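Each residue of the sequence shown is one higher than the one before, counting from 18 in our numbering. Notes for the one structure printed next.
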Amino acid sequence: MPLSIPTLVTGSAGRIGRAVVAELQRRGHQVRGFDRVPASVPSDHVTGDLTDRAALERAMQGIECLIHLAATPDDVDDVLGQIVPDNIAGLFHVMEAARLAGVKRLVLASSGQVNWGQQMRGEVPVRVTDPPSPKYWYAASKMFLEAIGCGFAETHGISVIVARLGWCPRTLAQVEEIAAAEWAQDVYLSPGDAGRFFACAVEAPPEVRHLVVYAASRPVHRERFDLSETAAWLGYEPEERWPQGIEVIDKAAVTRFGL
Ligand SMILES: NC(=O)c1ccc[n+]([C@@H]2O[C@H](COP(=O)([O-])OP(=O)(O)OC[C@H]3O[C@@H](n4cnc5c(N)ncnc54)[C@H](O)[C@@H]3O)[C@@H](O)[C@H]2O)c1
Numbered sequence: 018m019p020l021s022i023p024t025l026v027t028g029s030a031g032r033i034g035r036a037v038v039a040e041l042q043r044r045g046h047q048v049r050g051f052d053r054v055p056a057s058v059p060s061d062h063v064t065g066d067l068t069d070r071a072a073l074e075r076a077m078q079g080i081e082c083l084i085h086l087a088a089t090p091d092d093v094d095d096v097l098g099q100i101v102p103d104n105i106a107g108l109f110h111v112m113e114a115a116r117l118a119g120v121k122r123l124v125l126a127s128s129g130q131v132n133w134g135q136q137m138r139g140e141v142p143v144r145v146t147d148p149p150s151p152k153y154w155y156a157a158s159k160m161f162l163e164a165i166g167c168g169f170a171e172t173h174g175i176s177v178i179v180a181r182l183g184w185c186p187r188t189l190a191q192v193e194e195i196a197a198a199e200w201a202q203d204v205y206l207s208p209g210d211a212g213r214f215f216a217c218a219v220e221a222p223p224e225v226r227h228l229v230v231y232a233a234s235r236p237v238h239r240e241r242f243d244l245s246e247t248a249a250w251l252g253y254e255p256e257e258r259w260p261q262g263i264e265v266i267d268k269a270a271v272t273r274f275g276l
């Protein structure tokens, strides 16, 4: 792949999206954002919903790599009103628009929640080869994403990297939850590490055809996700561990928890 890879980041205005855009720009990649929330960073930004095919087609023009983050990012009461349109119908439109535009690589955001039951039973570290044990509807929607990612690699020969992400908190309340639970600190994903992970996925050699990997920061107490495949295939090694990086999430958290 060339040094500067034209990359589209969906969900670019979100928690992980902002970190990914910043890291890709720092490394000199050409970055376009897509989000239903208007944003000025990156300056090349398409505002639209995932179900707006015309907006997606505009956003895919000239793109070599897609990082698909836009989604309802956890369980919600209104499954049919949020998870189905964003994570199922929206995924369909994103994947098909990317395929028809000739995008060479798709990097898809899945979640550690696809193997929740195993983690809660304490059978860790979870490996990508372990059978899934999804938590609920949100995790099931990520299993659907993983399945169609495999389908695109098998049927269309497109390079697909599925990232089972650890916990990158969006709010002070989530920072508090992580501060209160050892297991959560071990699956923490700092914004900086999230940015570096996705940049590694963009830059991985074209021989990487279909890959499912975990992404997290360094564990504090116990290894819960096996990151050996992530290091071997993508060259990603976490640089931070909980609570490093929380100042990016909420400045107040640093003093509030004495972290
Ligand atoms: N943050 C975490 O701990 C975590 C863990 C595992 C997986 N993930 C996954 O990573 C991705 C990013 O999560 P995040 O924490 O940055 O979430 P976020 O809510 O901060 O960002 C999601 C972004 O997507 C946009 N979006 C949502 N639905 C959209 C739609 N229909 N059309 C256009 N834009 C839409 C939102 O406006 C938002 O800016 C998601 O796919 C999520 O499921 C996140």
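Even glycine gets a Cβ: it sits at the ideal position worked out from N, Cα and C. This one's a predicted model, so the numbers in the text were calculated from it and none came from an experiment.
Bounding residues of the alpha helix (DSSP H) (the contiguous stretch that carries residue i)
| i | result |
| --- | --- |
| C12 | Summary: the structure shown does not reach residue 12, with the chain confined to residues 18 through 276, and so no result is reported for it. |
| H110 | G107 to L117 |
| A248 | S245 to L251 |
| V204 | Here V204 belongs to no alpha helix (DSSP H), and DSSP marks it neither H nor E. |
| V265 | I263 to I266 |
| V192 | L189 to A196 |
Selected residue, minimal CA-CA separation from residue i, among the options
| i | options | result |
| --- | --- | --- |
| A156 | A88, I195, W200 and G262 | A88 |
| G34 | V54, E220, S21 and K268 | V54 |
| G183 | E163, S176 and D243 | D243 |
| F109 | R32, P149, E163 and A39 | E163 |
| Q99 | I175, F215, W154 and R32 | W154 |
| Q202 | D92, L125, E256 and P236 | P236 |
| A180 | R70, Q47, R144 and L228 | L228 |
| E40 | D52, V26 and F51 | V26 |
Distance between residue j and residue i (C-alpha atoms, nearest Å)
| i | j | result |
| --- | --- | --- |
| L20 | R213 | 16 Å |
| G65 | E113 | 16 Å |
| V120 | V219 | 12 Å |
| P90 | R138 | 23 Å |
| P149 | N132 | 5 Å |
| Y205 | R75 | 35 Å |
| P260 | P142 | 21 Å |
| C167 | E224 | 15 Å |
| R116 | I22 | 17 Å |
| R239 | A118 | 43 Å |
| I165 | I105 | 10 Å |
| F169 | L86 | 17 Å |
| R144 | S127 | 14 Å |
| L251 | C217 | 6 Å |
Bounding residues of the beta strand (DSSP E) (the contiguous stretch that carries residue i)
| i | result |
| --- | --- |
| T27 | T24 to T27 |
| R181 | S176 to L182 |
| L82 | Looking at the sequence shown, residue 82 is not Leu but Cys. Where C82 is concerned, the enclosing beta strand (DSSP E) stretches over C82 to H85. |
| F51 | V48 to D52 |
| R122 | R122 to S128 |
| L228 | H227 to A232 |
| V63 | H62 to T64 |
Own chain partners of residue i with C-beta closer than 6 Å, once the 5 adjacent residues on each side are dropped
| i | result |
| --- | --- |
| G262 | S207, P208 and G209 |
| R187 | R32 |
| Q130 | K152 and A156 |
| E264 | V271 |
Residue i CB to nearest heavy atom of ligand 3 below 7 Å
| i | result |
| --- | --- |
| A88 | Because ligand 3 does not appear in the structure shown, any question about it cannot be addressed here, the ligands present being ligand 1. |
Same chain, Cβ closer than 7 Å to residue i, five either side skipped, listed in chain order
| i | result |
| --- | --- |
| M18 | With a pLDDT of only 48 at M18, under the threshold of 50, the placement of this residue in the model should not be trusted, and no figure is reported. |
| T68 | P102, A106, G107 and H110 |
Same chain, Cβ closer than 8 Å to residue i, neighbours up to 5 away in sequence not counted
| i | result |
| --- | --- |
| Q78 | A118 |
| H173 | R116 |
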